[in-house]
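Written below as C-alpha cells is the structure these notes are about.
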Amino acid sequence: MLWIGPPGSGKTTLCLERLQTALRQGRAAEVRLVTPTASMAQHLLHELARRGLTVPGDLILSLDELLGRLVPEAKTPSAAEADWLLDRAVEQGAADFFGALARTNGIRRRLAQTVQELQTARCDPERFAGLAEDARGRAVAAVYKLYEAFVRSWGLVSPAERLTLAAQKVAIEGPGAIRQIDFDGFVHLSPGERDLMQSLAVGGADVLVTLLEEPPAGSFPRMERRRLAEVRRPRVTPEVVCAVGVEQEVEEIARRILELRRRTNRPFHSFGVLLRSTELYQATIRTVFEGLGIPYRLRRPQPLSAHAVGRFALELLRAAAEGFPGEPTLDALRMTPCKVAGGESDRWDFAVRGRLPCEGLESLRADAPQPVVEALDGLESAADWRTERATAREWRARCEKTVRALLRRPAAPDGLAPEAVLELRAHAEAVRRLVAALEEAKALLERGGVEKIRLSRFLDVFERVLELTDLPVSDSRRDVVNVINLYEARQWELPYVFAPGLVEGWFPKAVQEDLLLPDAQRKKLRRVGVEVRTRAEAVAEEEFLYRIAVTRATESLVLSRPAADAGGAPLLRSFLLPPEAGSDRPAVGGKALRPAAAPAPPCAEIVDPRLRQWIGDNHQTFSPSGVDRYLQCPYLFFGDRTLRLQGPPQKASERLDPLWKGSIIHEVVARWSASGHAPIEAILTEIFDAKLAEADVPPSFHTELLKAMMARDLERFAAQPGARSVEAGAAHESDIRYVVDLGEGASYEIKGRIDRYEVLEGEAAVVIDYKYSRADRINKLRAQHEKGDAVQLLLYLRGLALQGLKPGGALLWALRKDAALAGWAVESLYERFDLGKQVSRQTPEQLAGLLEQAERTTAEAVRAIRAGRIEAAPLDRDYCGRFCDYRSLCRVQL
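For the sequence shown, the numbering used here gives the first residue as 502, with consecutive numbering after it.
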C-alpha cells in the first residue's frame, strides 16, 4: 500500500501504530520499519520504547542496514575509496579537459555527486556518453566509465547496483521471515528503491510505503494507494523574529527556551531547533547553549578532521614531513590532545616564538621543561623522515607509533558532568577512528599499486581520509534540546520548535546552475526516461523543507532570521516566510539572558586598601601614551601598565603590524628631512630592509608588495606642499619630564619622548606625529583630543612649554593612501604655512585652553587609577576588536 500525504498528515504516526499492533500481537520477528538514515531509525525506536513496549533492536532499520542483511556479499566503496577511485578516473579520463581544476575539492565533489546521481538514475556510462552534447559532457562520461570500471576491479558495487542485487535476490528467494515491512521518511525514491519495495510486495510481504507525492507513472502497479489529504496535527501560527545577526538570533532562541522552562516547567526535550544550513549555526549554538548551561544534542556527526585528535595527528605528522620547522612543530605540541601542552610549557612556548623562524628539533630544546625535552627526544627518530622513502605499510606503523607516544590520556574521575563524559567518549572514539584512518590510507595506496613514497604523499591520502571519516559520538541523554537537520526532522513532533536562518540563500538554499550537468541537459535526460533532478525540482524541495519546518510544532513555532551576516552585509528576508515583513518582532537576544550559574558581576574597581596602596606606589610616573590607554579603557591600562601582562610573541606573519610600519615611517621622514629631501623611496628601501631583517621576517611577495605600497604613499606625502614648508624650521627630538601637583601632598610625573617637533618662527614649537593610517583616523584622533578623550599630543606640547618654548600647535600627518594633515596651529603659523582645512586655527588663548583641559583630564585619570578603577569601559569599540589583547577576558559586547 502507498500512503501519500503532505508533511504533518500523520504518515509516521500510522506506521508506528502498525508496528505497535504487531508487537502486541507477538509478531516482532516478522515486521520491520525501514528509514533512510540510522539516526531516524534510532529516534523511532526510542518513540516506541517510550510507549511502554519492549522493542527489539532490529525492529527499525536504516535502508543501509536492510541491504546489509539482504545482500551481505555486495560491498560498496567507502567514502575514501570512492574519492580515491574518482581521482584516478579523473587523472586518466579527463585531466586534459579539467586541467588544474581536476585537483580542486569543488570539482571533485561535483563530479562525485554527478556520477552518483547518474548511477542512482540507472543511466550507465555508455548511455550517458551517447546523450552527451559537448566536450564537458564527454569528459564527465569518460570519468564515469573509468570510475565504474575501477569499482568493479576492486570487487565492489555502486549503491544503485546494490539495490538492484537486493531486489533480484528478493524476487528469486522471497522476503524470508519478513511478513510486514514499512518504508517511512523517504523524500524521493530512486528506481532501485522502488524495485526493492515492489519485489518485497510481489514476494508476499505486506509492504507500506509513505510518500509526499504521487510516484512516477508505472511505479508500484499492483499496490493500493491511499491519500492523506488533511494535516492531522493542529497548525501552529508562527511567530517571525528578526535579529541583528546569527549570534543574537541564537541568543534569542536560548532566551526563549530558558524563559519557557521557567514558566511551564517543561523538560528540555520539549524543545527542538530545526536547521537548514547546519554549517552556519553549529558553532554559534555550541557556544551560546554551553555558555548558558542548556543541554543539547546536535544530530550530525562531524568529520574526524575537525576533531582536536585528528587535527593534532595531522599537524604533528606534517611537521615531521617538513623536517620539524619551528612554528608548525610548536603549534602541534601546544594542541590540547598533546600530553606536553599547557602547564610549565607556557614559558617555553613564549621563548621559542620569540626566536622564530627556526628549523629542526634542536632549535626547540633551549628553555624546554623536562616533559618537552622527553617529547623532543621521542621525535628524534622522525628527524630524517623528510628525505626518506618507505612503503605505505611502514609509514602507517611509524605514524601511529609517533602520534600515540604524544597523545594525552585524559583522566576520567568520578562525578563528571554529562558534557565532560561526552568529550571523553569523543576523544576515545576519535583515537580509534584515527588508527582506522591510517589503516585505510595504507590500504588505498597498496591497492593503488603505489610502492615506496615520501611521507608527504602518504599524508595527502591520510588527510583526505580524515576529511571523509565521520566521528559519531554516542549520546543517549533524554532531556536535551534536539538540534536537527530538516531532512531528519520529518519524523519528529515537538511542543516548541525554532527554525532559524530564514533568509534567501540560506533557507531556501540558493539553487545554482550545475556546471557539469546543466539544467537543459537534465531536461533532455528526463525526456528519455533518466530520472535526474531538474533545477525546478530542487527549488520545490526547498519549499517542501519549509513545510516540514512549519508542521513539527504542537504548541509554539518561532521562525527567525538575521538581518545581516558576520561582515555586516544585509540579508534578504526569505520569500518562504509570511509576507508581512513589518510584523517581524525584534529579537531581545543576549541582553535578557542570565547564565545558568550566574558569575559574579565584573569588577569595576579594586577596594582592598593594601592593593590600592600598591597601585599608588607603582604609579607615580605616567607616559602620555599610558594616559591615553587608560582613557581608551581602564581595564586595558590595568592589564598593560599595572599587571604588565605579556602576550605571546608575534608570529613572523604578524610582525609587520601597524606599530612596525609606524616606526619605519617615522625614521624615513626624519632621514628624508635631514637629507635635504633626498629621494624618499631609496631611503625607505634601506630602512625597510634593515627593519625586516631585525624582525626576522624573510623577504617574500607580501613584504615586497608592502614596501611598494609604502613607497607610493611616501612619494605622495613628499609631493605635498605642506610636507616641506612645515619642516622649514629646525627639527628636534626631546625627552620631556615634569611633575604636576595634585594637592594634599599628592603629585604625579609625566615622562615621555617626543620623536619629532619643529621650532618655527624662531620660538614656536609644533609637535608633529606621523601616522601610517588614513585621513579619517587622524581626524578622529584630533576630535578625541578636543573632547578630552585623548591627551598625548597636548601633553607633549605642554612639556615643551615647560622647557621655555612657545606652544605653536600639534600636527598629525596621515600618510596612507592620500596624505592628509590635521591638528591645531596658532594663527601666525596657519597664515604662513599651507596647513589645510583639517588643521584648526587657534588663538594662543584657545591653544592654552586645550593644554589646560588635557592637564585636568590627566589629573582625573591619575586619581581614578590610584583609586583602583579597572572597569572594562572602552571608549572606542573599534579599537577593541582590532587591537586589544584582553577582549576575550573582559567580554565587552562589540
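We treat Cβ as the ideally placed atom computed from N, Cα and C, and that holds for glycine.
Can you tell me the Cα-Cα spacing of F1384 and P1159, whole angstroms?
Whole-angstrom Cα-Cα distance: 10 Å.
Can you give the Cα-Cα distance for T577 and G656, rounded to whole angstroms?
So the alpha carbons of these two residues sit roughly 9 Å apart.
Leaving out the 5 sequence neighbours to the left and right, which residues in its chain are closer than 8 Å to S1061 when beta-carbon positions are compared?
For S1061, where only same-chain residues beyond five positions count, the Cβ hits under 8 Å are V741, V742, C743, A744, E750, E753, I754, F999, A1000, P1001, G1002, L1003 and A1088.
Look at the alpha carbon of P626 and the alpha carbon of A640, and state the distance between them as a whole number of angstroms.
Those two C-alpha atoms are separated by around 11 Å.
What are the uninterrupted segments assigned as alpha helix (DSSP H) that are 4 or more residues long and contained completely in the region 1136-1208, given in chain order?
With a minimum length of 4 residues, the continuous alpha helix (DSSP H) runs that stay inside the region 1136-1208 are 1159-1175 and 1181-1195.
Considering only the beta carbon of each residue, do Y1273 and L1206 sit closer than 7 Å?
Contact: no.
Applying the 10 Å Cβ sphere with the 16-neighbour rule, what's the burial state of N983?
It is buried - the Cβ of N983 has at least 16 other Cβ atoms within 10 Å.
So L969 packs on A581, CB below 8 Å; how close in whole Å?
Right, their Cβ atoms sit about 5 Å apart.
Would W896 and L729 qualify as a contact pair, given that the criterion is a beta-carbon distance under 7 Å?
No, these two residues do not count as a Cβ contact at 7 Å.
For Q803, does the three-state DSSP call read helix, strand or coil?
Here Q803 sits in strand by DSSP.
Tell me the rounded alpha-carbon separation between A1229 and P1345.
Only weak support is given to the placement of A1229: the predicted model assigns it a pLDDT of 47, under 50, and the question is left unresolved by the model.
Please report how far the alpha carbon of E920 lies from the alpha carbon of Y797, in whole angstroms.
Near 10 Å, if we compare the C-alpha coordinates of Y797 and E920.
When the Cα of V1051 is compared with those of A1065, E518 and P1079, which residue comes out closest?
Residue P1079 is the option with its Cα nearest to V1051.
Against chain C, with Cβ distances strictly below 7 Å, would R890 count as a contact?
The structure shown contains no chain C, having only a single protein chain.
Express the C-alpha separation of D584 and L664 in angstroms, rounding to a whole number.
Answer to the nearest angstrom: the Cα atoms are 21 Å apart.
Alpha helix (DSSP H) containing R762: first to last residue?
Here the alpha helix (DSSP H) through R762 covers V747 to T765.
R1142 to T1358, Cα distance in whole Å?
R1142 and T1358: Cα-Cα distance of roughly 18 Å.
Using DSSP with H/G/I as helix, E/B as strand and the rest coil, what is L1243?
Strand, per DSSP.
With C-beta atoms as the reference, is G1309 less than 7 Å away from A1355?
No; because the gap between Cβ atoms is not below 7 Å, this pair is not in contact.
Terminal residues of the continuous beta strand (DSSP E) containing S1126?
That residue, S1126, is in no beta strand (DSSP E); its alpha helix (DSSP H) goes P1125 to Q1133.
Out of curiosity, what's the CA-to-CA distance linking L1301 and S1126?
So the two alpha carbons sit approximately 16 Å from each other.
Please work out which residues of its chain come closer than 7 Å, Cβ to Cβ, to Q1133, disregarding the five sequence neighbours upstream and downstream, and give them in chain order.
Within the same chain, Q1133 has close Cβ partners P1375, L1376, D1377 and Y1380.
Secondary structure at T522, three-state DSSP: helix, strand or coil?
Note: T522 maps to helix in three-state DSSP.
For L1112, tell me which candidate among P573, I1366 and S778 has the shortest Cα-Cα distance.
Per the Cα distances, I1366.
With DSSP as the reference, label W1314 as helix, strand or coil.
Strand, per DSSP.
Go ahead and label F1218 buried or exposed: buried means 16 or more other beta carbons lie within 10 angstroms of its beta carbon, across all protein chains shown.
Buried.
So within the region 778-851, which uninterrupted alpha helix (DSSP H) runs reach at least 4 residues, ignoring any that extend past its ends?
The region 778-851 contains these whole alpha helix (DSSP H) runs: 779-792, 809-822 and 827-834.
Quick check for students: name the residue ranges of the alpha helix (DSSP H) that lie wholly in the region 531-559, counting only runs of 4 or more.
Runs found: 539-550.
Report the three-state DSSP secondary structure of W993 (helix, strand or coil).
Of the three classes helix, strand and coil, the one that applies to W993 here is coil, per DSSP.
My assumption, with CB atoms under 8 Å, is that V652 sits in contact with L586. Please give the rounded CB distance.
Indeed, because the Cβ distance is near 6 Å, the residues count as touching under 8 Å.
Assuming Y648 is part of the alpha helix (DSSP H), what are its boundary residues?
Counting along the chain, the alpha helix (DSSP H) containing Y648 begins and ends at A636 to S654.
Considering only DSSP beta bridges, list what L1007 is partnered with.
Residue identity check: residue 1007 is Trp in the sequence provided, not Leu. Looking at the DSSP assignment, W1007 forms a beta bridge with K1010.
Can you give me the C-alpha to C-alpha distance between E924 and I985, rounded to a whole angstrom?
Straight-line Cα distance between these residues: approximately 20 Å.
L969 lies in the beta strand (DSSP E); which residues open and close that run?
Premise fails: L969 lies in the alpha helix (DSSP H), L956 to L969, not in any beta strand (DSSP E).
Return helix, strand or coil for G1230, following the three-state DSSP convention.
Only weak support is given to the placement of G1230: the predicted model assigns it a pLDDT of 47, under 50, and the question is left unresolved by the model.
Once the 5 residues before and after A1137 are set aside, which same chain residues still bring their CB inside 8 Å of it?
Note that residue 1137 is Leu in the sequence shown here, rather than Ala. Counting only Cβ-Cβ distances below 8 Å, and skipping sequence neighbours, we find R1130, Y1131, P1375, C1385 and Y1387.
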